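Using our numbering, the first residue of the sequence shown is number 1, and each one after it goes up by one.
Note that beta-carbon positions come from the ideal geometry of N, C-alpha and C, so glycine has one too.
As the structure is a computational prediction, the values presented were derived from the model and not from experiment.
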Amino acid sequence: MSDQFADIIIPVALPGFFTYSIPEAMQPFLCRGSLVTLPFGQSREATGLVVKIHNTPPEGVTVRPIASLLPGEVSLSDRFTEFLLWIADYYMAYPGEVMKAAVPPAEELPGHLMKRRPRKVAAEESIDPVPPSALNSVQQAAHQGITKLFEERGTVLLHGVTSSGKTEIYIHLMKEQMEQGRQVLYMLPEIALTTQIIERLRRHFGPAIGVFHSRLTPAARREVWKRVSEGSLRAVLGVRSSLFLPFSDLGLIIVDEEHDSSYKQYDPAPRYHARDAAMMLSRIHNGKTLLGSATPSLESYHNALTGRYGFVELMTRFGDVMMPEMIIADTRFQAKKKGPEAHFTPGLLQAVAEALGREEQVILFQNRRGFSPFLMCADCGHVPACTNCSVSYTYHKSINRLVCHYCGKSVKVPQECPECGSANISTKGFGTEKIEEEIRLLFPSARVARMDQDTVRNRSAASEILGSFAAGDTDILIGTQMISKGLDFERLTVVGILDADTMMHFPDFRAHERSFQLMEQVSGRAGRRTRRGRVIIQTADPANIILRQVLKHDFRSMCTAQLEERSLFGYPPFTRIIRIALKHRDLEELNHSAARLAENLRRQLGNIVLGPEFPMVMQVQKWYIKTVMIKIGATLSPSKVKEIIRRETEAELRMPRKGLLRVQADVDPQ
Ligand code: ADP
Ligand code: ZN
Ligand code: ZN
């Protein structure tokens, strides 16, 4: 046998592949997709993924041999490998970074010798699956529309208002795929949502459907991995990382709440968008992608209007329940109030009281956790801020500390102003924690719960909070965007949006779209069954155009107006954005590098290169940050631009300098 070599991905943040020789005895067993152990750097047992086998010895280096195949001869399919490489290429990540995100560590892979056998999952009840509910006529039309469009389109957007019965349609489509023997992936943006939907799906699919997300135990993750690769798990409900399960034949991916920005991974790399990656994964499997939302992203809506995606609308609620009544509560006459009532308008308090009186339930939405966003000295205006990050501390009353939401650092609450010594230092603004405290004072007999990142720390907290609300053991649920979408509660009739202004005035080109989506989504939780829901929106800016659109549930006007604006200013979907973040602990070094990189890029790409400038938060964990933005118009090839960015970034990183420079690219940032 001749000498053989393998190009291998190793899960480290370094460019490219690594070449190893293949011991002769291993040659018949090794193929693209094989997982192997090999010596790498200091490590004697790194895991590697084979992407290519060839006869060309690499030049100028001593090649080391692969140590062994992974126990159980675990290998990944060509489709998996192709998808992994596409993610690396499109999102400008190193293949090793994608492997790290996509392939579980060796000891979590099935087939690996385990010291302890996994506990048997409670014997799967073999209840007879309930057939899907019969669709009503509008749902049927939508279902047929989707099926028809799939004949010629890879992707269909289903725009269905909240509670129109989209999930029921998904269930029908899933069943059809599974009956044909193909696999289905149903994606949701957040773990909290999976807990409610899985119960609904289990009724129909029993043990043929599994759940996958980052909070599973290693044993549970391993079980899902194994069953997906064997093909015994026919459907998976999961969050964005479930794209990396070893599917063998994926017929359909459903991306529910497709507009949701949680589908985008921020850190670490790969910074992929699970909705967009899903379309590629479907294509690799010759499958289809269904995007669903009550408030589609402008990108998807635009693609639907221009015919790139199939488009199906479902504009009435199931059972002809009316869309909720939308009420504006003007906070401007409110400013001077003190005490627990300070953050609530009389209209909102009355609606809550009425709902409680009828034994109905209430959701209060405030997109900010903690007690109050900052502390301020009334005399000199000083605001205590994190010394690692350029962000003010958030006050958390339950632990009586100031916490940085960027790095997690916490400090004692100062008794007097560190700047001027005044004792006149007090909290400003309000978060969910404060709302909870005040609501408990105002409605002492109500049963109140709070759902945000602070209360949903462990694995079961989310399902406990939602379970208790669903069972009617909680009257008022207070929460952040975690409670804004997807949830379906029978007795929920009143939704309060406590502060519409902060989101509407957020300085980002997506702020208008985002605040419309958020308000429409959280409103959609109200009155889904019999009684018409009521939504009270508190604002000091009642004439705001966004609110006018929300009041009428007028998604189409919002889109038309926003698309016009995006086109005028050259934002997505009319351009593609790549944002490069440079980070250095030394401000001067950073300024220097950022200016040079931007200059080199500008020389080749011209005025589509913007910046460098400081982002809103310019220092995190002692690292200063500057960003360079590149707006790629329709006439340029994104892959050519990426090539130039890669080259210039590598060149910049090789320049001599004091200290470490980090450069991160974010493709299609959200
Ligand atoms: P969406 O996903 O669009 O928000 P859902 O699928 O959750 O809507 O439907 C809203 C409510 O109506 C749910 O409680 C659901 O059980 C019910 N529903 C929807 N379609 C049907 C149907 N065909 N038969 C019976 N109930 C339905
Ligand atoms: Zn002061
Ligand atoms: Zn910090």
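Quick check: the Cα distance between residue i and residue j, rounded to an integer number of angstroms?
i	j	result
C389	I625	10 Å
R671	T162	Missing from the structure shown is residue 671; the chain here goes from 1 to 670 and no further.
I690	A351	Outside the shown range of the chain (1 to 670) lies residue 690, about which nothing can therefore be said.
A141	E513	29 Å
Q670	I53	38 Å
L466	S34	42 Å
S679	L14	Lying before the first or after the last residue shown, residue 679 is absent from the chain, which here runs from 1 to 670.
E299	R566	11 Å
T289	L76	22 Å
G145	G319	20 Å
I644	R447	58 Å
M519	V609	34 Å
L349	Q366	15 Å
F40	L597	32 Å
E650	N600	12 Å
P384	E564	41 Å
W86	L158	26 Å
I171	L252	12 Å
If we count the other Cβ atoms within 10 Å of its Cβ and call it buried at 16 or more, is residue i buried or exposed?
i	result
F333	exposed
C386	buried
Q481	buried
V411	exposed
T635	exposed
E45	exposed
K622	exposed
G421	exposed
N686	The structure shown has nothing for residue 686, since the chain only spans 1 to 670.
Could you tell me whether any non-hydrogen atom of ligand 1 is closer than 7 Å to the CB of residue i?
i	result
Q521	no
L135	yes
K175	no
F150	no
K166	yes
F365	no
R528	yes
G319	yes
Does ligand 3 have even one heavy atom less than 7 Å from the beta-carbon of residue i?
i	result
K409	yes
Y406	yes
Q621	yes
N388	yes
Tell me the DSSP bridge mates of residue i?
i	result
S43	F40
C377	I425
F365	G479, I497
R579	M629, D666
E613	T627
V74	Answer by DSSP bridge pairing: none, since V74 is not bridged.
I537	I328, I497
R450	I478
D256	G292
M187	G238, V255
F5	S21, H54
K264	H273
Y395	S372, L402
Sort the options by Cα distance to residue i and report the nearest one.
i	options	result
D379	N424, S410, L349, G472	N424
D89	D78, A6, K148, P270	P270
L492	A511, F509, S468, A500	S468
R457	V50, A192, P28, A106	A192
Q27	F18, T19, A6, F17	A6
A665	Y266, N367, R654, H285	Y266
V628	M616, R579, H584, Q604	R579
F430	C377, S392, R369	R369
Y20	M280, G48, V550, A101	G48
H405	P373, P573, K428	P373
P656	R308, L590, R32	L590
Is residue i close to ligand 2? I mean its beta-carbon at under 7 Å from any heavy atom of the ligand.
i	result
S426	no
C559	no
E419	yes
S392	no
S515	no
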